[in-house]
Amino acid sequence: MAKWCVSRKDEGMETAIPAGQDVSGACISVLCTGESESSCGSCKGGCGVSTSSVVSLKDMEVGESGTIVRLTSDDDSVIKRLISMGFVPSRHLKLASAVSSRGARVVRIGYATIALDAEMASAVYVRRSR
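Every position in the sequence shown, counted from 1, becomes a number in the working numbering once 1486 is added.
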């Protein structure tokens, strides 16, 4: 299983967040570090996999699938909600449908089908499967 870390970007610098530290007002990212017992090949975090096929969930086409590589948002509550629903780095998902090009997305992740609004969908970054 891949390990993942939480970081924040303040004033152009990215740093790891110590447990319990206030993260309000910072851009928060949860990303896979690429440090797994076996090569997961699911992210940009150190395993050397190209990021050219990484897109936001809101930019995926219906029927496309991929692996979550990071969650990024200025609102830490968005990240917390996504994690609580199972959206974590190295999870496989498939875009089942889209309400509109700028609207909600319906995603299959594991055995669940979950609807995400546009804000939450834009916080999920996926490496498309080939």
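Here a beta-carbon is modelled for each residue, glycine too, at the ideal position from N, C-alpha and C.
Would you report the Cα separation of Gly1572 and Leu1581, rounded to the nearest angstrom? A straight-line Cα-Cα distance of about 15 Å links Gly1572 and Leu1581.
Are there 16 or more other CB atoms within 10 angstroms of the CB of Ala1601, so buried, or fewer, so exposed? Flag for Ala1601 reads exposed.
When the Cα atoms are used, what is the spatial distance from Thr1553 to Ser1586? Near 22 Å, if we compare the C-alpha coordinates of Ser1586 and Thr1553.
On a CA-only basis, which of Leu1579, Ser1615, Lys1566, Ser1608 is nearest Lys1544? Give me that one, please. Closest option to Lys1544, Cα to Cα, is Ser1608.
Spatial distance of Ser1576 from Ala1584 (CA atoms): One C-alpha to the other measures close to 22 Å.
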